[in-house]
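Q:
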Amino acid sequence: MAETLHPAAVDHLPVFITAPGQTDVLFNVMVVFVLLMVFLVGIFYLRLHALPEHMAHGASKAQLQIIGVLALIALFTHNHLFWIAALLLAMIEFPDFASPVKSMARSLARIARRDEREARERQENGAAPSEPPPKTPPPEAPRAEGSQWVPLEVAQGDDKIERRR
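Start counting the sequence shown at 3; every next residue gets the next number (this note's numbering).
#1: Taking only runs of the alpha helix (DSSP H) that begin and end inside the segment 84-131, which ones reach a length of at least 4 residues, in chain order?
#2: Can you tell me where the alpha helix (DSSP H) holding F29 begins and where it ends?
#3: Which whole-angstrom value describes the C-beta separation of A92 and A58, a residue pair presumed to lie in contact below a C-beta threshold of 8 Å?
#4: DSSP state of T79, grouped into three classes?
#5: Does the Cβ of P16 have 16 or more other Cβ atoms within 10 Å, making it buried, or fewer, making it exposed?
#6: Within the same chain, show all residues whose beta-carbon is closer than 6 Å to that of Q67, passing over the 5 residues directly before and after it, in chain order.
#7: Does DSSP classify G70 as helix, strand or coil?
#8: Quick test of your reading: P97 and A73, contact by CB under 8 Å. State the CB separation rounded to the nearest angstrom.
#9: Could you tell me the distance, in whole angstroms, from the CA atom of T6 to the CA atom of T25?
#10: Against chain C, with Cβ distances strictly below 7 Å, would L38 count as a contact?
#11: Relative to the C-alpha of A76, which residue among F35, V40, D117 and Y47 is closest?
#12: Less than 7 Å separating the beta-carbons of A88 and I113?
#13: For E5, name the three-state secondary structure that DSSP assigns.
#14: Could you have a look at A188 and say whether DSSP puts it in helix, strand or coil?
#15: With a cut-off of 8 Å on the beta carbons, I'd call L28 and F18 a contact; round off their distance for me.
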């Protein structure tokens with residue numbers, strides 16, 4: 003039986019139309035292309051969500067953890083406000099308040115240990131515990147005519163501070 007073409011059919015077929023039983027090349031190429039694009043878009047999406055963490059990599063540990071949590075929440079909830087907050091936090095450099103306070107605490111601890119050591123040495127040497135040296139009053143400031151100086155009690159010690167009225 004001879005194959006006859008439909009009267010409305012054209013004489014030549016486009017390249018992407020395959021004969022029955024043949025491999026559909028265009029379909030296979032498109033499957034690979036779509037899978038590759040899904041993979042690349044997924045990578046881009048995850049890299050975009052990790053952008054605030056990469057930006058804040060040199061920041062403090064607490065700031066980096068806050069940014070990481072915000073980015074993760076944005077990833078799972080698809081709420082862009084969390085990602086924007088993480089991005090803004092990554093751009094801001096917080097001042098380091100802890101280092102000066104820790105330094106002061108170390109210095110005060112060192113002073114306290116030194117004072118305790120000196121007191122122990124005085125007790126070991128048999129010396130009576132000495133009182134701290136008396137404080138010298140501040141130098142007299144020039145007074146303006148008509149001003150009065152009023153003594154002001156200080157909470158610690160017997161020192162008096164004068165205040166101009």
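Ideal placement from N, C-alpha and C gives every residue a C-beta, glycine not left out.
A: In this structure, then:
#1: With a minimum length of 4 residues, the continuous alpha helix (DSSP H) runs that stay inside the segment 84-131 are 100-126.
#2: In the DSSP assignment, F29 falls within the alpha helix (DSSP H) that extends over V27 to H51.
#3: For a cut-off of 8 Å, the C-beta gap from A92 to A58 is around 4 Å, short enough to register as a contact.
#4: In this structure, T79 counts as helix in the three-state DSSP scheme.
#5: Label assigned to P16: exposed.
#6: So no residue of the chain qualifies.
#7: Note: G70 maps to helix in three-state DSSP.
#8: About 23 Å separates the Cβ atoms of P97 and A73, ruling out a contact at the 8 Å cut-off.
#9: When rounded, the separation of the alpha-carbon atoms in T6 and T25 is 23 Å.
#10: Protein chain content of the structure displayed is limited to a single chain, and chain C is not contained in it.
#11: When each option's Cα is compared against that of A76, the closest is Y47.
#12: Their beta carbons are not under 7 Å apart, which means A88 does not touch I113 by this criterion.
#13: Under the three-state reduction of DSSP output, E5 falls in the coil class, being neither helix nor strand.
#14: Outside the displayed range of the chain (3 to 167) lies residue 188, so it cannot be described from this structure.
#15: About 4 Å; that satisfies the 8 Å criterion.
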